[in-house]
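In what follows, a single structure is set out as structure tokens and then discussed.
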Amino acid sequence: MDTNVVKMNDSVFYVGVNDRKTYLFESLWPLERGVAYNSYLIMDEKVALVDTVEKTQMMNYVEKIAEVLGEGNKIDYLIINHMEPDHSGSIKEIVLRYPEIKIVGNTKTFDYLRNFFGIDRNLYEVKDGDELDLGSRKLKFYFTPMVHWPETMMTYDMKDKILFAGDAFGSFGSLDGGIYDDQVDMEILEEEMRRYYSNIVGKYGPMVQRALKKLEGVDIKMICATHGPIWKHDLNWVISLYDKMSRFVAENGVVLVYSSMYGNTEKMADEIAKSLKDEGVETVKVYDASKTHLSYILSDIYKYKGVILGSCAYNTVCHPPMEALLHKLDLYGTKDRLAASFGTYTWSGGGVKTINSFIDKLKWEYVADSVEAKCSPKKEDIEKCREIGKAMASKLRTCCR
Ligand code: FEO
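Following the numbering used here, the numbering of the sequence shown begins with 14 at its first residue and continues without gaps.
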């Protein structure tokens, strides 16, 4: 084949594309390692295309489809598991090229289809649990709402036991030459999966749990997500990671985030970090919220049990980068973390108070009293910082070994 289509078996072809040009996914999340928009073509007696790709990659995409189909061949069904435009962006073009195609989705899919693209014909509505006969195989549809939009569903190929999972089990990162889980660097992949999950899907943990329950007992040999590699060698690893992340199960370690204008709050952060290390905490991740994009910080907060937050006061609340992080943590309902706070003030304060109001709201457990130094940390403030490190280390020893 001329294009880099991958023949996955006698009938199923990978026709997805890489995007290494976009800087921010959803105009928000850095794509340092790019991203893949995955789509699949099933060549049975009837031909089905599963999801499409972001519109900027459309030309590359339609060439791949045309190559697999061969001259004069048509597509019978376009299955839409998810309507977010990174997957629905090429639907209009597909409909133009294959005007007889039937679009398979649910009532919510069609609502978004009309409103995004004005498409309202050749719709083939399915309900949860419905099956679609392609000839030698049937496709079964599992509705998985809010993973991560209301219309989201998954499509199961009952013959080859492939689950087309939409965003679930997806990750950031382009697919550089290999599309399968044993062809990628797992260390990098785990990082990008965690960042993808926490930032894109993370708010919907309970719905992910519901989807995992629904799929229990389904014999799955391969998971094809809309981003990231195809899982066929180690399905247990990715399912277990998703299960843990969606239940906020955390590892032993501390994320220490500070926002500091002139280095005084930063000095306190360094003292706490040193104390954590002195007390034997192996993983201590320190971030300056003004510099590191919050997607990386959020990802680590999903991963580790201990979270220590520090800010200078700024117009009676905390410094804006810390405020942005706190709002995100609140919006995503992050839970079950051990916490502490610190910071500085010059006249009326507000930085530490704001952090604590979020910790209270999220019902995280304080491991020590907060410390707020006037202008710059003095000896007694430093001592209190070290107490925070000691208390966190001690609590971590008892809660997650
Ligand atoms: Fe990859 Fe929710 O879109």
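Beta carbons are placed, not taken as given, at the ideal position from N, Cα and C, and that holds for glycine.
Next on the checklist: By the DSSP assignment, the alpha helix (DSSP H) with residue 179 in it spans what residues?
Outcome noted: Position 166 of the sequence shown, counting from 1, holds the residue named residue 179. Membership of residue 179 in any alpha helix (DSSP H) is not indicated; the residue belongs instead to the beta strand (DSSP E) covering 175-179.
Next on the checklist: Please classify residue 394 as buried or exposed, where buried requires at least 16 other C-beta atoms within 10 Å of its C-beta.
Outcome noted: As a working note, residue 394 is residue 381 in the sequence shown. So residue 394 counts as buried.
Next on the checklist: Here's the rule: buried if 16 or more other CB atoms are within 10 angstroms of the residue's CB, otherwise exposed. What is residue 363?
Outcome noted: Here residue 363 corresponds to residue number 350 of the sequence shown, with the count starting at 1. Buried is the call here.
Checklist entry - Quick one: what does DSSP say residue 265 is sitting in, helix, strand or coil? => result If you number the sequence shown from 1, residue 265 lands on position 252. Residue 265 falls in the strand class under three-state DSSP.
Checklist entry - Got a sec, what are the start and stop residues for the alpha helix (DSSP H) residue 92 sits in? => result Walking along the sequence shown from the start, residue 92 turns up at place 79. Bounds of any alpha helix (DSSP H) do not take in residue 92; it lies within the beta strand (DSSP E) bounded by 90-92.
Next on the checklist: Taking 7 Å as the cut-off, is the beta-carbon of residue 95 closer than that to any non-hydrogen atom of the ligand ZN?
Outcome noted: Among the ligands present in this structure, namely the ligand FEO, the ligand ZN is not found.
Checklist entry - Does the segment 305-316 come within contact of the segment 374-394, defined as at least 3 CB pairs closer than 8 Å? => result They do not touch, by the three-pair rule.
Item to check | Three-pair Cβ contact test at 8 Å for the segment 110-119 versus the segment 188-204 | outcome: They do not touch, by the three-pair rule.
Next on the checklist: Between the alpha carbons of residue 366 and residue 348, how many angstroms are there, rounded?
Outcome noted: As a first step, residue 366 is located in the sequence shown; it is residue number 353 there, counting from the start. As a first step, residue 348 is located in the sequence shown; it is residue number 335 there, counting from the start. Approximately 19 Å, taken between the alpha carbons.
Checklist entry - Can you tell me where the beta strand (DSSP E) with residue 337 in it begins and where it stops? => result In the sequence shown, residue 337 corresponds to position 324, counting from 1. Residue 337 -> not in any beta strand (DSSP E); alpha helix (DSSP H) instead, spanning 333-344.
Next on the checklist: For a minimum of 3 consecutive residues, which ranges assigned as the beta strand (DSSP E) are wholly contained in the segment 166-252?
Outcome noted: If we require 3 residues or more, the beta strand (DSSP E) runs fully inside the segment 166-252 come out as 166-170, 175-179 and 235-238.
Checklist entry - Exposed or buried, residue 235, counting other C-beta atoms within 10 Å across all chains shown (16 or more means buried)? => result Position 222 of the sequence shown, counted from the first residue, corresponds to residue 235. Using a 10 angstroms sphere on the CB of residue 235, the tally of other CB atoms reaches 16 or more, which defines it as buried.
Checklist entry - Do you know how far the Cα of residue 237 is from the Cα of residue 91? => result Translated into positions along the sequence shown, residue 91 becomes position 78. Translated into positions along the sequence shown, residue 237 becomes position 224. If you draw a straight line from the Cα of residue 91 to the Cα of residue 237, it is about 16 Å long.
Next on the checklist: Using C-beta distances below 6 Å, list every residue in its chain close to residue 159, excluding the 5 sequence neighbours before and after it, in chain order.
Outcome noted: On the sequence shown, residue 159 is found 146 positions in, with the first residue counted as 1. Excluding its 5 nearest sequence neighbours in each direction, residue 159 has C-beta neighbours in its own chain below 6 Å: 217 and 220, listed in chain order.
Checklist entry - Using CA coordinates, which residue listed in 27, 357 and 335 is at the minimum distance from residue 320? => result What you label residue 320 is simply residue 307 of the sequence shown in a count that begins at 1. Checking every option, the nearest Cα to that of residue 320 belongs to 335.
Item to check | Cβ-Cβ distance between residue 32 and residue 19 below 8 Å | outcome: For the purposes of this step, residue 32 is identified with residue 19 of the sequence shown, where counting begins at 1. For the purposes of this step, residue 19 is identified with residue 6 of the sequence shown, where counting begins at 1. No, they are not a contact pair.
Checklist entry - Would residue 212 be called buried (16 or more neighbouring beta carbons within 10 Å of its own) or exposed? => result Translated into the one-based positions of the sequence shown, residue 212 becomes position 199. Counting other Cβ atoms within 10 Å of its Cβ, residue 212 reaches 16 or more and is therefore classed as buried.
Item to check | Length at least 4, wholly inside the segment 352-392: the alpha helix (DSSP H) runs in chain order | outcome: Inside the segment 352-392, DSSP marks whole alpha helix (DSSP H) runs of 4 or more residues at positions 364-375, from first to last along the chain.
Next on the checklist: Under 8 Å: do the segment 271-286 and the segment 162-181 share three or more Cβ pairs, one atom per stretch?
Outcome noted: The segment 271-286, when compared against the segment 162-181, does not touch it at the 8 Å Cβ threshold.
Next on the checklist: I need the straight-line Cα distance from residue 71 to residue 102, nearest angstrom please.
Outcome noted: As a position in the sequence shown, residue 71 is number 58, starting the count at 1. As a position in the sequence shown, residue 102 is number 89, starting the count at 1. Residue 71 and residue 102: Cα-Cα distance of roughly 8 Å.
Checklist entry - Cα separation between residue 345 and residue 258? => result As a working note, residue 345 is residue 332 in the sequence shown. As a working note, residue 258 is residue 245 in the sequence shown. Put simply, the backbone Cα of residue 345 is about 13 Å away from that of residue 258.
Item to check | Buried versus exposed call for residue 318 [16 or more other C-beta atoms within 10 Å across all chains shown] | outcome: By one-based count along the sequence shown, residue 318 stands at place 305. So residue 318 ends up on the buried side.
Item to check | Enclosing beta strand (DSSP E) for residue 326 [first to last residue] | outcome: Residue numbering aside, residue 326 sits at position 313 when the sequence shown is read from its first letter. Counting along the chain, the beta strand (DSSP E) containing residue 326 begins and ends at 317-327.
Checklist entry - Is there at least one non-hydrogen atom of the ligand FEO closer than 7 Å to the beta-carbon of residue 367? => result Taking the first residue of the sequence shown as 1, we reach residue 367 at position 354. Not so, every heavy atom of the ligand FEO lies at least 7 Å from the Cβ.
Item to check | Near the ligand FEO: residue 162 beta-carbon under 7 Å from a heavy atom | outcome: Translated into the one-based positions of the sequence shown, residue 162 becomes position 149. Residue 162: yes, Cβ under 7 Å from the ligand FEO.
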